[in-house]
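Trainee:
Chains as they are written, first to last, in the working numbering: chain A, 1 to 354; chain B, 355 to 827.
Right, dumping it as structure tokens:
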């Protein structure tokens with residue numbers, strides 16, 4: 001089964017979500033307003049156009065994909081370079097590794113992150129170790145696995161999960177999650193061209209909801225570089241992907257109560273940019289990490305531990321995590337499960353007033 | 355509802371099927387208005403609700419179920435169904451496919467047990483030079499197995515795994531390929547690497563994990579890999595190389611190379627999901643790949659009778675729409691000929707081929723295993739002697755006048771000497787340096803690895819006694 005419609009988280013007003021201009025390596029020109037799936041689509045067009053050894057494949061990608069990210073690619077680049085695969089995630093990942101190991105850019109789609117687990121062995125035991133185990137004789141660095149993740153308001157157990165932390169425990173992989181269309185395009189192109197295997201999680205809630213001006217040209221955003229998207233002095237807030245929308249709202253609300261938040265988009269989860277987070281926490285003395293995935297064993301735990309190690313004497317309050325609950329992702333209870341704006345806002349106030 | 359169903363042409367056929375299926379109970383109530391007797395409690399739970407319209411339909415059928423299927427039918431739509439994949443004919447007979455064929459699929463063979471060419475056999479001719487290299491490499495592989503096994507027993511290397519009994523598969527399949535063909539091995543095919551020119555020194559360097567090991571001492575012994583020889587580095591998980599080989603083959607196809615991918619695996623591997631994924635992908639994506647299954651009867655201690663109930667592995671190839679052949683894996687000429695023909699087919703037609711070689715794992719699974727605990731000694735002994743692929747092949751080359759005892763003795767003693775020397779050198783070479791612990795995780799080490807290397811080095815300085823002295827710091 002596939003969800004064919006993203007968006008629709010009812011409590012959230014539809015609005016454009018911006019990313020800061022400074023991060024873009026090339027100046028913006030002739031940008032168009034694009035939603036996130038169209039920005040992904042544009043990145044894939046550029047990836048295929050600029051590298052004849054690039055391939056896009058996965059379940060249902062031939063007709064444009066269930067989220068329309070691959071629309072028009074097969075018509076333009078042909079069925080040899082853009083094609084459907086049988087419905088088998090371990091097959092897709094294994095095939096992609098072999099293709100990448102031959103010096104190609106293998107851009108594989110796993111239709112939902114909830115369905116990535118059959119491919120776990122191929123990603124963890126094969127892709128991640130391919131270079132290391134061969135002493136750098138072989139590598140599958142041309143591999144990028146794109147997969148939509150996260151809540152959409154009606155996805156229940158199997159169309160909502162955020163499994164990023166599983167992959168963050170695997171040396172050899174990179175894990176990247178964009179927060180907006182402009183970020184998505186630049187980061188995806190960087191992932192595709194990075195000489196290491198990357199799992200690229202796409203916030204499916206934002207596929208249609210998030211709209212912003214996206215430069216039409218070919219550009220890349222740096223991996224393993226977090227971005228401070230809002231300067232502040234009282235507390236550092238770290239998140240990634242769709243959760244940044246919630247965090248922005250919480251920061252706005254906190255500002256009304258006189259709390260100045262510094263908001264950081266981590267963007268690359270491994271290898272992650274500790275230095276940017278450390279510098280910010282050294283300034284603010286407080287840290288809040290927030291993600292949709294269950295709190296226990298989530299990547300927030302890693303960030304908390306690392307920052308406590310580095311900033312212990314600077315901290316003025318315990319590091320706080322506002323995350324998903326430790327339950328399977330629940331359908332009817334989604335509004336209760338989620339790390340919502342007010343949960344974040346309450347935690348901000350509690351931390352600042354500790 | 356009955357009216358609606360009766361308009362369907364297919365329903366005529368289904369009516370026949372249903373009559374047969376429900377024969378007993380239907381006949382007893384056929385003409386009565388209580389034809390729905392079958393839907394009373396005893397049956398209600400056996401059939402999905404979609405069957406109900408057909409049960410009702412029976413009330414409008416003729417008195418005898420058999421008659422309606424025997425009526426001549428001119429409408430071509432009644433004779434078959436246009437269905438994706440081709441026309442499917444209808445059958446009035448309810449026939450289940452047998453779970454196993456009446457006869458097992460036969461096994462292609464060229465040499466009999468005494469090394470005679472079986473009359474009428476079709477096979478690829480081999481010239482003397484290739485024939486002798488095949489034999490010499492089989493003997494080298496045997497010698498490697500004996501000496502490395504001993505080295506492990508003496509504690510000089512940590513692990514080893516022999517290919518005894520599977521020398522013909524190793525060497526003859528390799529001989530049938532070209533160097534451009536790309537090998538994705540499991541772990542019982544070092545002979546393929548040997549055939550391609552991996553030296554005894556290179557084998558030894560890897561097994562000792564020294565600084566000349568291409569794998570930089572990171573994996574257990576026998577996990578060979580060689581870029582120069584198009585032999586992908588082995589990984590321990592079973593079957594993972596199969597879908598990767600399909601991706602490799604797809605690349606060869608896109609690049610229009612005159613080459614194929616070949617991937618090796620055992621009978622146990624056919625139970626893994628990756629096996630099924632790979633065969634299906636290869637068939638659907640139409641790629642030049644040879645799937646080579648070494649059915650040696652045992653996956654560690656699990657015999658094939660506890661692994662699958664199909665007629666071996668070959669039938670699975672066919673089930674995925676892949677041209678398949680079963681060969682005598684202990685007959686070097688049969689293996690060579692089948693792989694040679696398979697190679698031509700996969701490249702010229704861009705289609706996969708599946709080869710199942712019947713053989714026997716004469717050695718233990720590995721140096722961590724004692725197979726006499728789970729299989730009879732006389733079974734091992736029978737395969738080690740009466741079915742030994744090396745001596746069978748030797749009889750053939752001797753009969754051709756290409757071989758004799760003197761050359762044999764020379765070969766064995768030379769290989770042994772060369773290998774012992776290689777082992778001595780490998781053993782003396784230092785281990786890879788400590789910095790290689792942190793390289794190749796990524797193309798460039800990220801900051802966390804730099805930090806960890808720095809702190810590890812400080813720890814080594816503080817507690818040198820905790821660390822092996824043969825790893826250069």
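Beta carbons: idealized from backbone N, C-alpha and C, even for Gly.
#1: Between 684(B), 714(B), 664(B) and 672(B), which has its C-alpha nearest residue 746(B)'s C-alpha?
#2: Nearest to residue 239(A) by alpha carbon, out of 233(A), 103(A), 181(A) and 322(A)?
#3: Nearest to residue 637(B) by alpha carbon, out of 724(B), 652(B), 707(B) and 817(B)?
#4: Going along the chain, which residues of the stretch 219–233 of chain A sit with their C-beta nearer than 8 Å to a C-beta in chain D?
#5: Drop a sphere of 10 angstroms on the beta-carbon of residue 370(B), count the other beta-carbons inside from all chains shown, and report buried for 16 or more, exposed for fewer.
#6: For residue 184(A), which residues from the same chain have a beta carbon less than 8 Å from its beta carbon, with the 5 sequence-adjacent residues on both sides left out?
#7: Check whether the Cβ atoms of residue 824(B) and residue 785(B) lie closer than 8 Å to each other.
#8: Quick check on this structure: which residue in 517(B), 798(B), 651(B) and 700(B) has the alpha carbon closest to the alpha carbon of residue 610(B)?
#9: For residue 712(B), count neighbouring Cβ atoms within 10 angstroms of its own Cβ and tell me buried if that reaches 16, exposed if not.
#10: Round the Cβ separation of residue 195(A) and residue 141(A) to the nearest angstrom and send it over; I've been treating them as touching at under 8 Å.
#11: Is the CB-CB distance between residue 834(B) and residue 561(B) below 8 Å?
#12: Under the three-state reduction of DSSP, which class applies to residue 129(A): helix, strand or coil?
#13: Going by CA-CA distance only, name the one from 538(B), 659(B), 612(B) and 551(B) that's closest to residue 621(B).
#14: Which residues in chain A sit within 7 Å of residue 608(B), going by Cβ to Cβ distance?
#15: Check distances from the C-beta atoms of the stretch 89–106 of chain A to those of chain B and list, in chain order, the residues that come in under 9 Å.
#16: With a threshold of 8 Å between beta carbons, is residue 587(B) in contact with chain A?
#17: Which value, in whole angstroms, describes the spacing of the CA atoms of residue 589(B) and residue 789(B)?
#18: Using the DSSP secondary-structure output, state which residues sit across from residue 652(B) in a beta bridge.
#19: At the level of alpha carbons, what is the spacing between residue 714(B) and residue 461(B)?
#20: Report the residues of the stretch 562–581 of chain B with a CB closer than 8 Å to any CB of chain A, ordered along the chain.
#21: My understanding is that residue 576(B) touches residue 623(B), with C-beta atoms under 8 Å, so please give their C-beta distance in whole angstroms.
#22: Any C-beta of chain A within less than 7 Å: which residues of the stretch 602–631 of chain B qualify?
#23: Would DSSP call residue 170(A) helix, strand or coil?
#24: Return yes when the Cβ of residue 351(A) is within less than 8 Å of the Cβ of residue 327(A), no when it is not.
#25: Any C-beta of chain B within less than 9 Å: which residues of the stretch 111–142 of chain A qualify?
#26: For residue 224(A), which residues of its own chain have a beta-carbon under 8 Å away from its beta-carbon, when the five flanking residues on both sides are left out?
#27: Check each residue of the stretch 163–193 of chain A: if its Cβ is closer than 8 Å to any Cβ of chain B, include it; give the result in chain order.
#28: Return the CA-CA distance between residue 727(B) and residue 737(B), expressed in angstroms with no decimal places.
#29: Taking the alpha carbon of residue 294(A) as the reference point, which residue from 325(A), 257(A), 150(A) and 235(A) has its own alpha carbon closest?
#30: Listing by chain order, which chain A residues have their CB less than 9 Å from the CB of residue 674(B)?
#31: Taking the CB atoms as reference points, tell me whether residue 58(A) and residue 116(A) lie closer together than 8 Å.
#32: Closer than 8 Å is the cut-off here; do at least three beta carbon pairs connect the stretch 510–527 of chain B with the stretch 670–680 of chain B?
#33: Identify which residue in 548(B), 600(B), 478(B) and 596(B) has its Cα closest to the Cα of residue 579(B).
#34: May I have the straight-line CA-CA distance separating residue 687(B) from residue 459(B), to the nearest angstrom?
#35: By alpha-carbon positions, which one of 552(B), 587(B) and 760(B) ends up nearest to residue 131(A)?
#36: Measure from the alpha carbon of residue 331(A) to the alpha carbon of each residue in 304(A), 100(A), 48(A) and 158(A), then state which is nearest.
Mentor: A quick look at the data gives this:
#1: Within the second chain, the letter at position 392 stands for residue 746(B). The option with the nearest alpha carbon to residue 746(B) is 684(B).
#2: Residue numbering aside, residue 239(A) sits at position 239 when the first chain is read from its first letter. Measuring from the Cα of residue 239(A), the nearest candidate turns out to be 322(A).
#3: For the purposes of this step, residue 637(B) is taken as residue 283 along the second chain, with counting starting at 1. Among 724(B), 652(B), 707(B) and 817(B), the Cα nearest to that of residue 637(B) is on 707(B).
#4: You won't find chain D in this structure, because its protein chains are A and B.
#5: Within the second chain, numbered from 1, the residue matching residue 370(B) stands at position 16. Bear in mind that a pLDDT of 38 at residue 370(B), under 50, signals an unreliable position, so the number given afterwards is only what the model happens to contain. Answer is buried; the Cβ neighbour count reaches 16.
#6: Position 184 of the first chain, counting from 1, holds the residue named residue 184(A). Counting only Cβ-Cβ distances below 8 Å, and skipping sequence neighbours, we find 36, 39, 40, 43, 178 and 202.
#7: Here the question's residue 824(B) lines up with position 470 in the second chain. Here the question's residue 785(B) lines up with position 431 in the second chain. A contact, by the Cβ cut-off of 8 Å.
#8: On the second chain, residue 610(B) is found 256 positions in, with the first residue counted as 1. Among 517(B), 798(B), 651(B) and 700(B), the Cα nearest to that of residue 610(B) is on 700(B).
#9: As a working mapping, residue 712(B) is identified with position 358 in the second chain. Result: buried.
#10: Here the question's residue 195(A) lines up with position 195 in the first chain. Here the question's residue 141(A) lines up with position 141 in the first chain. About 4 Å separates the two Cβ atoms, so the contact holds.
#11: This structure cannot speak to residue 834(B), because chain B is shown only from 355 to 827.
#12: The residue labelled residue 129(A) in the question sits at position 129 within the first chain. In the structure shown, residue 129(A) sits in coil (DSSP, three-state: anything other than H, G, I, E or B).
#13: The residue labelled residue 621(B) in the question sits at position 267 within the second chain. Out of 538(B), 659(B), 612(B) and 551(B), 659(B) has the C-alpha closest to the C-alpha of residue 621(B).
#14: Taking the first residue of the second chain as 1, we reach residue 608(B) at position 254. Neighbourhood of residue 608(B) in chain A, by CB distance below 7 Å: 80, in chain order.
#15: Those would be 89, 90, 91, 92, 93, 94, 95, 96, 97, 98, 99, 100, 101, 102, 103, 104 and 106, in chain order.
#16: As a working note, residue 587(B) is residue 233 in the second chain. Chain A contact via Cβ: present.
#17: Position 235 of the second chain, counted from the start, is the residue given in the question as residue 589(B). Position 435 of the second chain, counted from the start, is the residue given in the question as residue 789(B). Rounded to whole angstroms, residue 589(B) to residue 789(B) spans 23 Å at the Cα level.
#18: Here residue 652(B) refers to the residue found at position 298 of the second chain. Per DSSP, 657(B).
#19: Indexing the second chain from 1 puts residue 714(B) at position 360. Indexing the second chain from 1 puts residue 461(B) at position 107. About 15 Å.
#20: Within the stretch 562–581 of chain B, the residues whose Cβ lies closer than 8 Å to some Cβ of chain A are 567, 568, 569, 570, 572, 573, 577, 579, 580 and 581, listed in chain order.
#21: As a working mapping, residue 576(B) is identified with position 222 in the second chain. As a working mapping, residue 623(B) is identified with position 269 in the second chain. Going by Cβ atoms, the distance from residue 576(B) to residue 623(B) rounds to 16 Å, so no, they are not a contact pair.
#22: The stretch 602–631 of chain B vs chain A, Cβ under 7 Å: 602, 604, 605, 608, 627, 628 and 631.
#23: Mapped onto the first chain, residue 170(A) falls at position 170. In this structure, residue 170(A) counts as coil in the three-state DSSP scheme.
#24: The count along the first chain starts at 1 and reaches residue 327(A) at position 327. The count along the first chain starts at 1 and reaches residue 351(A) at position 351. Residue 327(A) places its beta carbon 8 Å or farther from that of residue 351(A).
#25: Answer set for the stretch 111–142 of chain A: 118, 121, 122, 125, 126, 128, 129, 130, 131, 132, 133, 134, 135, 136, 137, 138, 139, 140 and 141.
#26: As a working mapping, residue 224(A) is identified with position 224 in the first chain. So the qualifying residues of the chain are 174, 268, 271, 272 and 273.
#27: Within the stretch 163–193 of chain A, the qualifying residues are 171, 172 and 174.
#28: Here residue 727(B) refers to the residue found at position 373 when the second chain is read from its first residue. Here residue 737(B) refers to the residue found at position 383 when the second chain is read from its first residue. The alpha-carbon atoms of residue 727(B) and residue 737(B) are separated by roughly 17 Å.
#29: Stepping through the first chain from its first residue, residue 294(A) is reached at position 294. Ranked by how close their Cα comes to the Cα of residue 294(A), the residues 325(A), 257(A), 150(A) and 235(A) have 325(A) in first place.
#30: Within the second chain, the letter at position 320 stands for residue 674(B). Here the premise fails: no neighbours, minimum Cβ distance about 10 Å.
#31: Here the question's residue 58(A) lines up with position 58 in the first chain. Here the question's residue 116(A) lines up with position 116 in the first chain. It is not a contact, given that the beta carbons lie outside the stated cut-off.
#32: No, because fewer than three Cβ pairs between the stretch 510–527 of chain B and the stretch 670–680 of chain B fall closer than 8 Å, the two stretches do not touch.
#33: In the second chain, the residue the question calls residue 579(B) occupies position 225. If we check each option's Cα against that of residue 579(B), 548(B) comes out closest.
#34: The sequence position of residue 687(B) within the second chain is 333, counting from 1. The sequence position of residue 459(B) within the second chain is 105, counting from 1. CA-CA distance, residue 687(B) to residue 459(B), rounds to 19 Å.
#35: Taking the first residue of the first chain as 1, we reach residue 131(A) at position 131. It is 587(B).
#36: The residue given as residue 331(A) occupies position 331 in the first chain. Distance check between residue 331(A) and each of 304(A), 100(A), 48(A) and 158(A) places 158(A) closest, using alpha-carbon atoms only.
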